[in-house]
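First up is the structure itself, then whatever we jot down about it.
2 protein chains.
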Amino acid sequence: MKRRTTATQTEILTLLEAANTALSHEMVQSELGANMDRATIYRVLNRFCEDGRVHRIVGDDGKQYFALCLNCGELRESHTHNHFHFRCLECGKVECLKHDIKVPLPDGYTSERFNGFISGRCKNCS
Amino acid sequence: MKRRTTATQTEILTLLEAANTALSHEMVQSELGANMDRATIYRVLNRFCEDGRVHRIVGDDGKQYFALCLNCGELRESHTHNHFHFRCLECGKVECLKHDIKVPLPDGYTSERFNGFISGRCKNCS
DNA sequence: AATATTATTGCAACAAAGTCGCAATAATAT
DNA sequence: ATATTATTGCGACTTTGTTGCAATAATATT
């Protein structure tokens, strides 16, 4: 499946770059207008994940967030996104935290996906 | 709102104790039979959370899991559940990991909820 | 430049997770 | 034994996310 460049995809990508935070489908929708199809947004974001351009975080609200994650650029190839994400309960922003976290697993356990999430109040909102 | 003891509640509590892992609504349902009402299960579990008997974790599958968390008994009063949870992608078990994790937040940020989640393969399934 | 190929889109339908209102039931208090 | 009210069960609903299928449009082919 060779990828094609489309308007929708570039718009979403540009938005993610500009945002500098992790965005939910909802945020993308409301930024890019209601004329953009919901299913398409999901498909574009999922495609970005598959291609490793974006990583997916599941929030403690059960929703999916997507981020380019500029903080962990060097690690992107290796697909280890072992950093936390912070969601401000006030303004809703979801950002990558810088530190990489190591969690000791019991013997014989192997990790496939890391999902660290903290919510609270960001600097602006506290 | 004074609490009352009911059959449903004790059943669920007993199940959580026996399980020694975190359970989703679905797991509770399938263990305790289809005759038990879905909404009731959710309400019971939410009540347990409010009462501090159980804590809620949101999985990287977007689902809620509930655990007595025997590992962190001493901490229960303080309501700080800063430990990770591990879900085996094979057998589906969700367990509390022992270690408490400290995540450094940027200046001015305050934490309200911690949700650490790792999925992979447990000892039995790898 | 015109055509063929097929990735992507838009729409509708769907599934699953979770919540809520309301009347019926059943634990506790009187 | 009765009154009070927390809990249950049912149904309806919302939100998130996915999927099938026909239409559209980006690339490859000639």
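Keeping their order, the protein sequence lines are chains A and B.
Quick note, the first sequence lines up with residues 132 to 257 if you use the numbering used here.
Quick note, the second sequence lines up with residues 132 to 257 if you use the numbering used here.
Positions of the beta carbon are idealized from the N, C-alpha and C atoms, including for glycine.
8 Å CB neighbourhood of residue i in its chain, flanking five on each side removed
| i | result |
| --- | --- |
| E157(B) | K194 |
| R244(B) | none |
Neighbourhood of residue i by C-beta distance below 7 Å, restricted to the same chain and skipping five residues each side
| i | result |
| --- | --- |
| N246(A) | I188 and V189 |
| E142(B) | L163 |
| Q140(B) | V175 |
| Q160(B) | M167, R169 and I172 |
Rounded C-alpha distance that separates residue i from residue j
| i | j | result |
| --- | --- | --- |
| T229(A) | A198(A) | The identity of residue 229(A) in the sequence shown is Lys, whereas the question assumes Thr. The alpha-carbon atoms of K229(A) and A198(A) are separated by roughly 14 Å. |
| P235(B) | D192(A) | 21 Å |
| V225(A) | Y196(A) | 8 Å |
| H212(A) | D231(A) | 8 Å |
| G183(B) | R135(B) | 16 Å |
| T241(B) | K233(A) | 21 Å |
| H214(B) | H186(B) | 11 Å |
| D238(B) | K254(A) | 7 Å |
| A150(B) | T137(B) | 20 Å |
| L144(A) | M132(A) | 20 Å |
Chain-ordered chain A contacts of residue i [CB-CB under 7 Å]
| i | result |
| --- | --- |
| T241(B) | G251, R252 and S257 |
| F197(B) | The contacting residues do not exist; F197(B) stays about 14 Å from chain A at best. |
Per-residue contacts from residue i into chain A (C-beta, under 9 Å)
| i | result |
| --- | --- |
| R169(B) | Here the premise fails: no neighbours, minimum Cβ distance about 17 Å. |
| L330(B) | Nothing in the structure corresponds to residue 330(B), since chain B is present only between 132 and 257. |
Within chain A, partners of residue i - CB distance below 8 Å
| i | result |
| --- | --- |
| N166(B) | By Cβ distance, chain A contributes nothing, its closest Cβ being about 27 Å from N166(B), past 8 Å. |
| D191(B) | V189, R244 and N246 |
| F179(B) | Neighbours of F179(B) on chain A: none; closest Cβ ~18 Å, over 8 Å. |
| L147(B) | Those within 8 Å of L147(B) in chain A number zero; the least Cβ separation is about 20 Å. |
Under the three-state DSSP convention, the category residue i falls into
| i | result |
| --- | --- |
| T241(A) | strand |
| N246(B) | strand |
| H156(B) | helix |
| I92(A) | In the structure as shown, chain A begins at 132 and stops at 257. Residue 92(A) is therefore absent and cannot be evaluated. |
| C219(A) | strand |
| R187(A) | strand |
| R252(B) | strand |
| A198(A) | strand |
Contacts that residue i makes with chain B (C-beta to C-beta distance below 9 Å)
| i | result |
| --- | --- |
| L154(A) | None at all; the shortest Cβ gap to chain B is about 16 Å. |
| D238(A) | K254 |
Partner residues on chain B for residue i, Cβ-Cβ distance less than 7 Å
| i | result |
| --- | --- |
| I232(A) | I232 and V234 |
Amino acids of chain B, ordered along the chain, whose beta-carbon sits closer than 8 Å to that of residue i
| i | result |
| --- | --- |
| L176(A) | Result: empty, since nearest Cβ-Cβ is about 15 Å, beyond 8 Å. |
Same chain, Cβ closer than 6 Å to residue i, neighbours up to 5 away in sequence not counted
| i | result |
| --- | --- |
| C256(A) | C219, E221 and C222 |
| T152(A) | K224, V225 and E226 |
Given 8 Å, three or more beta-carbon pairs between the stretch 163-174 of chain B and the stretch 235-253 of chain A
no
Can you confirm whether the stretch 172-180 of chain B touches the stretch 215-226 of chain B when touching is taken to mean that 3 or more C-beta pairs between the two stretches lie within less than 8 Å?
no
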